[in-house]
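Chemist: Protein chains in written order, with the working numbering: chain A, 13 to 404; chain B, 4 to 133.
The C-beta atom is built at its ideal place from N, Cα and C for all residues, glycine as well.
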Amino acid sequence: MRANVWSGRNTVQVENVPDPKILNDRDAIVKISSTAICGSDLHLYDGYIPTMEKGDILGHEFMGEIVDVGRGVSNLRVGDRVVVPFPIACGNCWACRHELYSVCENSNPNAGLAEKMFGHATAGIFGYSHLTGGYAGGQAEYARVPFADVGPLKIEDGLPDEQVLFLSDILPTGFMGADFCEIQGGESIAVFGAGPVGQFAIASAVMLGAEQVIAIDQFDYRLEMARNRAGATDTINFDEDADIVEQLKVLTGGRGPDAVIDAVGMEATDSHGVLHAAERVKQATRSESDRGGALRDAILACRPGGIVSIIGVYGGLMDKVPMGALMNKGLTIKTGQCHVQRYMKPLYERITKGDIDPSFIVTHRLDLGQAPDGYETFKHKQDECVKVVLKP
Amino acid sequence: MSSRTAITVNRPRDEVERLWHSDEYRPAYIDDADAAVSFRTAPGDRGTEIHVDLEGGTTGGKLGEVVQKLIGSAPLPKVKDDLRHFKQRVETGEIPRSDGSPEGEQAQRKLKQRPAQPLSDSEAAKAGAR
Numbered sequence: 013m014r015a016n017v018w019s020g021r022n023t024v025q026v027e028n029v030p031d032p033k034i035l036n037d038r039d040a041i042v043k044i045s046s047t048a049i050c051g052s053d054l055h056l057y058d059g060y061i062p063t064m065e066k067g068d069i070l071g072h073e074f075m076g077e078i079v080d081v082g083r084g085v086s087n088l089r090v091g092d093r094v095v096v097p098f099p100i101a102c103g104n105c106w107a108c109r110h111e112l113y114s115v116c117e118n119s120n121p122n123a124g125l126a127e128k129m130f131g132h133a134t135a136g137i138f139g140y141s142h143l144t145g146g147y148a149g150g151q152a153e154y155a156r157v158p159f160a161d162v163g164p165l166k167i168e169d170g171l172p173d174e175q176v177l178f179l180s181d182i183l184p185t186g187f188m189g190a191d192f193c194e195i196q197g198g199e200s201i202a203v204f205g206a207g208p209v210g211q212f213a214i215a216s217a218v219m220l221g222a223e224q225v226i227a228i229d230q231f232d233y234r235l236e237m238a239r240n241r242a243g244a245t246d247t248i249n250f251d252e253d254a255d256i257v258e259q260l261k262v263l264t265g266g267r268g269p270d271a272v273i274d275a276v277g278m279e280a281t282d283s284h285g286v287l288h289a290a291e292r293v294k295q296a297t298r299s300e301s302d303r304g305g306a307l308r309d310a311i312l313a314c315r316p317g318g319i320v321s322i323i324g325v326y327g328g329l330m331d332k333v334p335m336g337a338l339m340n341k342g343l344t345i346k347t348g349q350c351h352v353q354r355y356m357k358p359l360y361e362r363i364t365k366g367d368i369d370p371s372f373i374v375t376h377r378l379d380l381g382q383a384p385d386g387y388e389t390f391k392h393k394q395d396e397c398v399k400v401v402l403k404p
Numbered sequence: 004m005s006s007r008t009a010i011t012v013n014r015p016r017d018e019v020e021r022l023w024h025s026d027e028y029r030p031a032y033i034d035d036a037d038a039a040v041s042f043r044t045a046p047g048d049r050g051t052e053i054h055v056d057l058e059g060g061t062t063g064g065k066l067g068e069v070v071q072k073l074i075g076s077a078p079l080p081k082v083k084d085d086l087r088h089f090k091q092r093v094e095t096g097e098i099p100r101s102d103g104s105p106e107g108e109q110a111q112r113k114l115k116q117r118p119a120q121p122l123s124d125s126e127a128a129k130a131g132a133r
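1) Among residues of its own chain, excluding the 5 on either side of valine 257 of chain A, which ones have a beta-carbon nearer than 7 Å to its beta-carbon?
2) Identify every run of the beta strand (DSSP E) within the stretch 341-387 of chain A, keeping only runs that are complete inside it and at least 3 residues long; order them along the chain.
3) Who are the near neighbours of leucine 171 of chain A in its chain, counting only those whose CB is closer than 8 Å to its CB and skipping five residues on each side?
4) Return the first residue and the last residue of the alpha helix (DSSP H) that lysine 129 of chain B is part of.
5) What does cysteine 105 of chain A touch in chain B if you count any residue whose Cβ is under 7 Å from its own?
6) Drop a sphere of 10 angstroms on the beta-carbon of valine 93 of chain B, count the other beta-carbons inside from all chains shown, and report buried for 16 or more, exposed for fewer.
7) What first and last residue would you give for the beta strand (DSSP E) that runs through methionine 75 of chain A?
8) Among A/Asn28, A/Leu220, A/Pro121, which has the Cα closest to the Cα of isoleucine 195 of chain A?
9) Spell out the partners DSSP gives leucine 165 of chain A in its beta bridges.
10) Can you pull the chain B residues whose beta carbon is under 8 Å from the beta carbon of lysine 33 of chain A, in chain order?
11) Could you check what DSSP says for serine 41 of chain B in three-state terms: helix, strand or coil?
12) I want to verify the contact list: residues of chain B whose CB lies under 8 Å from the CB of tyrosine 147 of chain A, in sequence order.
13) Go ahead and pull the three-state DSSP assignment for aspartate 246 of chain A.
14) With a 10 Å radius around its C-beta and 16 neighbouring C-beta atoms as the bar for buried, classify threonine 44 of chain B as buried or exposed.
15) Let's see if you can read the secondary structure: which residues bound the beta strand (DSSP E) around valine 272 of chain A?
16) With a cut-off of 8 Å, does the C-beta of histidine 142 of chain A fall near any C-beta of chain B?
17) Report yes if the C-beta distance between alanine 152 of chain A and proline 404 of chain A is below 8 Å; otherwise report no.
18) Would you tell me roughly how many angstroms separate the C-alpha atoms of isoleucine 41 of chain A and phenylalanine 74 of chain A, rounded to the nearest one?
19) Roughly how many angstroms separate the alpha carbons of serine 125 of chain B and methionine 129 of chain A, rounded to a whole number?
20) Taking any Cβ of chain B, which residues in the stretch 41-75 of chain A have a Cβ under 7 Å from it, in chain order?
21) Between methionine 356 of chain A and valine 325 of chain A, which are expected to be in contact by the criterion C-beta below 8 Å, what is the C-beta distance as a whole number of angstroms?
22) Taking only the alpha-carbon atoms, compute the straight-line gap between alanine 290 of chain A and asparagine 122 of chain A and give it to the nearest angstrom.
23) Does the beta-carbon of methionine 339 of chain A have 16 or more other beta-carbons within 10 angstroms, so that it is buried, or is it exposed?
24) Interface residues of chain B around leucine 125 of chain A at Cβ under 8 Å?
25) Helix or strand or just coil, what does DSSP make of glutamate 223 of chain A?
26) Within 8 Å (strictly less), CB to CB, does arginine 49 of chain B reach chain A?
27) Classify glutamine 151 of chain A as helix, strand or coil using the three-state DSSP reduction.
28) Taking only three categories from DSSP, how would you classify serine 101 of chain B?
29) I need the boundaries of the alpha helix (DSSP H) containing leucine 183 of chain A, first residue and last residue.
30) Just the chain B side, please: which residues come within less than 8 Å of valine 29 of chain A by C-beta, in chain order?
31) Starting from proline 80 of chain B, find everything on chain A with Cβ-Cβ shorter than 9 Å and list it in chain order.
32) Looking at the C-beta of serine 119 of chain A, does it have a partner C-beta in chain B at a distance below 8 Å?
33) Can you list, in chain order, the residues of the stretch 76-90 of chain A whose Cβ is nearer than 9 Å to any Cβ on chain B?
34) Comparing C-alpha positions only, which one of A/Gly205, A/Asp80, A/Gln394 sits nearest to isoleucine 226 of chain A?
35) Could you pull out every residue in the same chain whose Cβ sits closer than 8 Å to the Cβ of glutamine 120 of chain B, ignoring the five residues on either side in sequence?
36) Could you confirm whether any beta carbon from chain A is found closer than 8 Å to the beta carbon of arginine 175 of chain B?
Structure representation (structure tokens):
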């Protein structure tokens, strides 16, 4: 089958590889109808996530049709249409039973590797380095889905792929970011990053009852989408004015946002020149892996006693975290890779009810064979790119 | 280097002990390594803790040293592999396999991963996949 594989920094190529097969009883094989490129794939592309090997198939946002099931899978049949969540979760361990699917204790066969970096292993993830298990990803024609009796969501109406594909990752991720903010109704929420996850975080904050949702980015076309499609009430373009903290104070009557969502992660554009330059040098020499521009501003901007919700992906170590601000303002940090399985069904219901149509973020549709172009377009935000969907 | 490690399995203690000593689930490496194994009920709803001490066996760890010399690799990561396999099989019914690590968790695999793409038919057979 054709698959998009990692071939070194800034290089992906579509190659012919063996078709996946059932390895365990609880596996299923999915013939993929649509898949996408994620912002976190760019961290792999840019070479910031360790333990990548040439030939690793990328991609963790995919859906399609079941073409084979192992003997232990009774809830799915050949022909079923499913969306597959990106964390691989067994459903039986303590973590899964407490709906902490992205930290499943049993699904990572490279737990020993992950322990060295993080202290403990976390769940296996499709197509996301050997730290998360070395599972082949979904930017391909077929994928093997472990624990298929736990993960995949059956799609039983005729909704087009683009309306449900993002249940695999970014819609639940944006929603979890907003969920973390404990919105009761009437809050001011600031969302750092108006990429696909940021767009869904904004839309989710609106759905959950926030009164004011402020989108922060440096690209006008993304801020326009945030305002016109996702429901943002205010926007900040920090390219025009780099002092995000002050602008957020003015927008919130001097109080600061009740909660801030970091939907940017480790490759932040830092608005503060010298610190940004220093960080880029450290990243280049691999002595610091994570750039903290967005996170620092988020911590400083958040009102005292508020919540910092971190859904942007970080991989390693960061210098110069404002611990003093964090501690003295009494902030709560909530974070994690999204526990997708927890949110898929309720968000699917919201889609079928018409509360949200996630397809608004799709700007580019390419054949799987054009994946390398897709990565470049997405990385450099060419052609007003927001989200690239690939069709195998 | 530490000689002790532990893991928690999400099952009641009598079930864990019974499975540990059964033919189907007995962890081969830990048995051969002559380690001291003890079981404890974990707090709250967490199940059972299994504690392994490589120096607590009848030979005071000497057998473990011999095994290590023969195998040529550190024993504690292999003990951890055995514990993980036991927990995975008891809790989920299988050992998770990826394309990078098709045999499941193995300490010696860490430096020599397959690329994360599907196995050929002969590779799958060799990896012991069903």
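Modeler: Put simply:
1) Non-local C-beta neighbours of valine 257 of chain A in its own chain, meaning closer than 7 Å and more than five positions away in sequence, comprise Asp309, Leu312, Ala313, ordered along the chain.
2) For the stretch 341-387 of chain A, whole beta strand (DSSP E) runs of length 3 or above, ordered along the chain, are 344-347, 374-379.
3) Hits under 8 Å: Ile363, Thr364.
4) Per DSSP, lysine 129 of chain B belongs to the alpha helix (DSSP H) from 124-129.
5) The answer, in chain order, is Asn13, Glu94.
6) Looking at its Cβ environment, which holds 16 or more other Cβ atoms inside 10 Å, valine 93 of chain B is buried.
7) Methionine 75 of chain A: member of the beta strand (DSSP E) spanning 74-81, first to last residue.
8) Taking each of A/Asn28, A/Leu220, A/Pro121 in turn and checking the Cα distance to isoleucine 195 of chain A, the smallest one comes out for A/Leu220.
9) Per DSSP, A/Val95.
10) Against chain B, the beta carbon of lysine 33 of chain A has neighbours under 8 Å at Pro121, Leu122, Asp124, Ala127, Ala132, listed in chain order.
11) Correct three-state label for serine 41 of chain B: strand.
12) The contacting residues are Ser101, Asp102, Gly103, Ala119.
13) In this structure, aspartate 246 of chain A counts as strand in the three-state DSSP scheme.
14) With fewer than 16 other Cβ atoms within 10 Å, it is exposed.
15) If you look at valine 272 of chain A, you'll find it in the beta strand (DSSP E) that goes 271-274.
16) With respect to chain B, the C-beta atom of histidine 142 of chain A has a partner C-beta closer than 8 Å.
17) Yes, the pair counts as a contact, with Cβ atoms nearer than the cut-off.
18) In this structure, the alpha-carbon of isoleucine 41 of chain A lies about 12 Å from that of phenylalanine 74 of chain A.
19) If you draw a straight line from the Cα of serine 125 of chain B to the Cα of methionine 129 of chain A, it is about 33 Å long.
20) Near chain B, meaning a CB-to-CB distance below 7 Å, the residues of the stretch 41-75 of chain A are Glu65, Lys66, Gly67, Asp68, Ile69.
21) Methionine 356 of chain A to valine 325 of chain A, Cβ: 20 Å. No contact.
22) Taking the straight line from one Cα to the other gives about 33 Å.
23) Burial check for methionine 339 of chain A: the Cβ neighbour count within 10 Å stays below 16, so the residue is exposed.
24) In chain order: Lys113.
25) Correct three-state label for glutamate 223 of chain A: coil.
26) Yes - at least one Cβ of chain A is within 8 Å of the one on arginine 49 of chain B.
27) Coil.
28) Reduced to three states, the DSSP call for serine 101 of chain B is coil.
29) Where leucine 183 of chain A is concerned, the enclosing alpha helix (DSSP H) stretches over 182-191.
30) In chain order: Gln120, Pro121.
31) Within 9 Å of the CB of proline 80 of chain B, the CB atoms of chain A belong to Gly124, in sequence order along the chain.
32) Chain B, which has a Cβ nearer than 8 Å to the Cβ of serine 119 of chain A, makes this yes.
33) Those residues of the stretch 76-90 of chain A that come within reach of chain B (Cβ to Cβ, closer than 9 Å) are Gly82, Arg83, Gly84.
34) Per the Cα distances, A/Gly205.
35) Taken in chain order, the residues that qualify are Asp102.
36) Chain B is shown from 4 up to 133; residue 175 of chain B falls before or after that span and cannot be answered.
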